[in-house]
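The next block holds one structure in the form of structure tokens; read it before the comments.
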Amino acid sequence: MKSPLHDLAIVLPSLDPDEKFDRVVEGLVNRGFQHLVIVDDGSAPEKQKHFEKAAAYPQCTVLRHEINKGKGRALRDAFAYVAEKLPQLAGVITIDGDGQHLLEDIVACGERMLAEGDKVVLGCRDFDQEGVPARSVTGNKITSRMFRLFYGVRLSDTQTGLRAIPRKYLESFSEIQGERFEYEMNMLLKMKYRGIPFLEQPITTVYDPEDYSSHYNAVKDSWRIFKVMFRGLFDRS
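Residue 822 in our numbering sits at position 57 of the sequence shown, and the numbers go up by one each step.
Shown next, in the form of structure tokens:
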């Protein structure tokens, strides 16, 4: 019997991955996902072994940026690839490759998107639990409150990287502006202004206090996101 997971592609942008990335890819393949679209976003030469290991799986396709172009560009390129090369699929699930998204939550978001049909599913973390880094709590709560104030939309996690997106939106999402982390905020604005329905799926909040790293720059990327929210009040394009 065909698994519903066969109708979904995993989209995984990555910059300078480590062994956690290897475990994420292996777990997805073992769970039954047939299409993994990985974007090497200009990673260092010594990190190429991780992409080579992933490419050895027949389920994996690795797209490459010669230089770092940002998470937004990586997502856009992956969406365009799926829309053109894998038109038979029902949609994609975007994830991070650092192990912050549990396999069970990835599957739950994908299955819920398939059940709902035309809704984008946002995997939302609980920032009130203990052990979450202060910069993550502060940044996410501020942007969530600002998003609600500016746009009247209540979202508990505006910066989640776990999103299940129906295929019908991939082409237009690949044209959204934004090269880096601000792209994901632009996606929310497009959903707001175009009336694209969405729902939140609670997911486990995973942080290892002894091994927490992120390519998110608390100052530069937060400023980009705030500018996007403010500009979106006047420009709906």
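Backbone N, C-alpha and C fix where the C-beta goes; we use that ideal spot for every residue, glycine too.
Residue i - partner residues in DSSP beta bridges
| i | result |
| --- | --- |
| valine 776 | Val802 and Thr859 |
| valine 885 | Phe963 |
| arginine 825 | Rather than arginine, the amino acid found at residue 825 in this sequence is cysteine. Answer by DSSP bridge pairing, in chain order: Leu801. |
Distance CB(residue i)-CB(residue j) smaller than 8 angstroms
| i | j | result |
| --- | --- | --- |
| leucine 770 | arginine 796 | yes |
| leucine 777 | lysine 884 | no |
| aspartate 805 | arginine 829 | yes |
| aspartate 863 | leucine 927 | no |
| leucine 879 | glycine 792 | no |
| isoleucine 858 | glycine 882 | no |
| isoleucine 803 | alanine 819 | yes |
Closest Cα partner of residue i within the set the options
| i | options | result |
| --- | --- | --- |
| threonine 826 | Pro810, Glu965, Val790 and Asp861 | Val790 |
| valine 794 | Ile775, Asp842, Ala839 and Gly943 | Ile775 |
| glutamine 824 | Asp806, Pro810, Tyr846 and Phe798 | Phe798 |
| methionine 911 | Tyr948, Leu954, Thr970 and Cys874 | Leu954 |
| asparagine 833 | Arg877, Leu867 and Ser808 | Ser808 |
| glutamate 817 | Phe844, Ala843 and Glu784 | Glu784 |
| lysine 933 | Thr908, Lys906 and Leu851 | Leu851 |
| leucine 920 | Pro931, Ile930, Ala929 and Lys906 | Lys906 |
Secondary structure of residue i, DSSP reduced to three states
| i | result |
| --- | --- |
| serine 978 | Since pLDDT at serine 978 reaches only 48, below the 50 mark, its modelled position is unreliable, and the value read off the structure follows with that caveat. Serine 978 falls in the coil class under three-state DSSP. |
| leucine 998 | coil |
| histidine 830 | strand |
| isoleucine 968 | coil |
| proline 782 | coil |
| arginine 945 | coil |
| alanine 929 | strand |
| isoleucine 990 | helix |
| serine 909 | helix |
| leucine 793 | helix |
| histidine 771 | helix |
| arginine 838 | helix |
| proline 810 | helix |
| aspartate 870 | helix |
| leucine 851 | coil |
| glutamate 940 | coil |
Nonlocal neighbours in the same chain, by C-beta distance under 6 angstroms from residue i, ignoring five residues either side
| i | result |
| --- | --- |
| alanine 848 | Leu935 and Glu936 |
| arginine 841 | Ser939 |
| aspartate 772 | Leu854 and Ala855 |
| phenylalanine 844 | Leu935, Phe938 and Ser939 |
| proline 962 | Lys884 |
| arginine 877 | Val886 and Gln966 |
| serine 768 | Gly797 |
Nonlocal neighbours in the same chain, by C-beta distance under 7 angstroms from residue i, ignoring five residues either side
| i | result |
| --- | --- |
| arginine 914 | Here residue 914 is leucine; the residue named in the question, arginine, does not match the sequence. Same-chain partners within the cutoff: there are none. |
| lysine 812 | Asp781 and Pro782 |
| threonine 925 | Leu887, Gly888, Cys889 and Arg890 |
| lysine 957 | Tyr916 and Val918 |
| alanine 873 | Gln966 |
| glutamine 942 | Asn951 |
Same chain, Cβ closer than 8 angstroms to residue i, five either side skipped, listed in chain order
| i | result |
| --- | --- |
| glutamate 975 | Because glutamate 975 carries a pLDDT of 49, less than 50, the predicted location of this residue cannot be relied on, and the following value inherits that uncertainty. Around glutamate 975: no qualifying Cβ. |
| arginine 996 | none |
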